[in-house]
Amino acid sequence: AQTIHQWPVAEIKAVGSPLSLGCTIKGKSSPNLYWYWQATGGTLQQLFYSITVGQVESVVQLNLSASRPKDDQFILSTEKLLLSHSGFYLCAWSPGQGYEQYFGPGTRLTVL
Amino acid sequence: GQQVKQSSPSLTVQEGGISILNCDYENDMFDYFAWYKKYPDNSPTLLISVRSNVDKREDGRLTVFLNKSGKHFSLHITASQPEDTAVYLCAADHSGGSNYKLTFGKGTLLTVTP
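Line order of the protein sequences matches chains B and P.
When you line the first sequence up against this note's numbering, it's residues 14 to 125, in that order.
When you line the second sequence up against this note's numbering, it's residues 563 to 676, in that order.
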């Protein structure tokens with residue numbers, strides 16, 4: 014069975030500080046990987062997707078970047094956090110395009 | 563514009579009744595449709611999905627109805643229970659598209675009262 018793990022569970026960070034969020038999927042080779050973000054009270058928005066190692070495409074510009082250094086790992090980062098980056102970050106995987114997406118447990122980010 | 567719309571932000575149903583959640587979409591290229599369930603501060607969980615070659619799919623108490631000409635799909639939950647209380651998100655995708663984007667609605671909060 015596939016498992017998806019996100020770290021950290023929660024973060025409280027200062028405006029202007031760097032950020033790195035991680036996601037690992039086990040039990041599935043060459044998955045499509047996705048980063049989503051949901052502001053409090055907002056809609057779930059897709060930020061990035063990756064269909065292969067080393068290749069990441071941006072869907073929404075939020076002064077964030079993403080990388081896929083390994084087949085099973087997806088990283089979301091920024092060098093300078095903004096207040097507007099607060100929210101719930103979710104990683105997801107799917108076996109391909111137009112298939113079910115399965116979400117990780119999420120990371121709650123609070124920027125002060 | 564919003565490509566996937568859930569026009570009802572909330573719905574209250576009595577225990578044992580049928581919950582009907584609705585979703586409208588704009589992009590007629592969408593060919594994959596899904597419903598997710600989400601508790602506060604938790605990630606969405608896939609409930610049921612359907613492709614455009616069928617207009618109905620059942621799984622236990624859940625049924626998805628797809629009306630392609632009306633660009634509308636719905637989730638029916640029979641024998642609703644208090645444990646069904648959650649936010650329900652609809653989502654749609656174009657499997658042949660180039661941007662690998664699953665588009666979500668804003669969600670409908672379903673409350674099932676005892």
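Cβ atoms here follow ideal geometry from the backbone N, Cα and C, with glycine treated the same way.
Expected contact under 8 Å - CB spacing of residue i and residue j to nearest Å
{"i": "Ala-596 of chain P", "j": "Ala-648 of chain P", "result": "Actually they are not in contact, since the Cβ atoms of Ala-596 of chain P and Ala-648 of chain P sit about 15 Å apart, beyond 8 Å."}
{"i": "Val-69 of chain B", "j": "Ser-63 of chain B", "result": "5 Å"}
{"i": "Lys-41 of chain B", "j": "Gln-19 of chain B", "result": "Contact doesn't hold; Cβ gap of about 15 Å is too wide."}
{"i": "Thr-120 of chain B", "j": "Ser-99 of chain B", "result": "With 8 Å as the limit, Thr-120 of chain B and Ser-99 of chain B do not qualify as a contact, their Cβ atoms being about 11 Å apart."}
{"i": "Lys-633 of chain P", "j": "Asp-590 of chain P", "result": "7 Å"}
{"i": "Val-612 of chain P", "j": "Leu-628 of chain P", "result": "6 Å"}
{"i": "Pro-108 of chain B", "j": "Pro-21 of chain B", "result": "Rounded, the Cβ-Cβ distance is 27 Å, inconsistent with contact."}
{"i": "Pro-606 of chain P", "j": "Phe-61 of chain B", "result": "The Cβ separation is near 17 Å, so there is no contact."}
Min CB distance residue i to chain B below 7 Å
{"i": "Gly-605 of chain P", "result": "It should be noted that the sequence gives Ser, not Gly, for residue 605 of chain P. Yes, Ser-605 of chain P lies at the interface with chain B (some Cβ there is under 7 Å from its Cβ)."}
{"i": "Lys-567 of chain P", "result": "no"}
{"i": "Ser-642 of chain P", "result": "no"}
{"i": "Leu-609 of chain P", "result": "no"}
{"i": "Tyr-650 of chain P", "result": "no"}
One or two residues paired with residue i in a DSSP bridge
{"i": "Glu-24 of chain B", "result": "B:Leu-122"}
{"i": "Gly-35 of chain B", "result": "B:Trp-20, B:Ile-88"}
{"i": "Leu-103 of chain B", "result": "B:Tyr-49"}
{"i": "Leu-671 of chain P", "result": "P:Ser-572, P:Val-649"}
{"i": "Lys-567 of chain P", "result": "P:Asp-586"}
{"i": "Val-115 of chain B", "result": "The sequence as given places Tyr at residue 115 of chain B; Val does not occur at that position. DSSP output for Tyr-115 of chain B lists B:Trp-106 as bridge partner(s)."}
{"i": "Lys-83 of chain B", "result": "B:Gln-86"}
Interface flag, residue i vs chain P, CB-CB below 7 Å
{"i": "Val-124 of chain B", "result": "no"}
{"i": "Phe-87 of chain B", "result": "no"}
{"i": "Phe-61 of chain B", "result": "no"}
{"i": "Glu-113 of chain B", "result": "yes"}
{"i": "Val-72 of chain B", "result": "yes"}
{"i": "Gln-15 of chain B", "result": "no"}
{"i": "Leu-103 of chain B", "result": "yes"}
{"i": "Gln-68 of chain B", "result": "no"}
{"i": "Gly-119 of chain B", "result": "yes"}
(Q) For a minimum of 4 consecutive residues, which ranges assigned as the alpha helix (DSSP H) are wholly contained in the region 53 to 80 of chain B? (A) none
Q: Ignoring anything shorter than 3 residues or poking outside the region 572 to 658 of chain P, list the beta strand (DSSP E) runs there in chain order.
A: 572 to 576, 581 to 587, 594 to 600, 607 to 613, 618 to 621, 624 to 629, 634 to 639, 648 to 655
Q. Any chance the region 27 to 41 of chain B sits against the region 83 to 96 of chain B, with 3 or more Cβ pairs inside 8 Å?
A. yes
(Q) Taking 8 Å as the cut-off, does the region 90 to 106 of chain B touch the region 42 to 55 of chain B (at least 3 CB pairs, one atom from each stretch)? (A) Because the criterion of three Cβ pairs below 8 Å is met, the region 42 to 55 of chain B and the region 90 to 106 of chain B touch.
Q) If we count Cβ pairs, one from each stretch, closer than 8 Å, do we get three or more for the region 91 to 98 of chain B versus the region 575 to 588 of chain P? A) Because the criterion of three Cβ pairs below 8 Å is not met, the region 91 to 98 of chain B and the region 575 to 588 of chain P do not touch.
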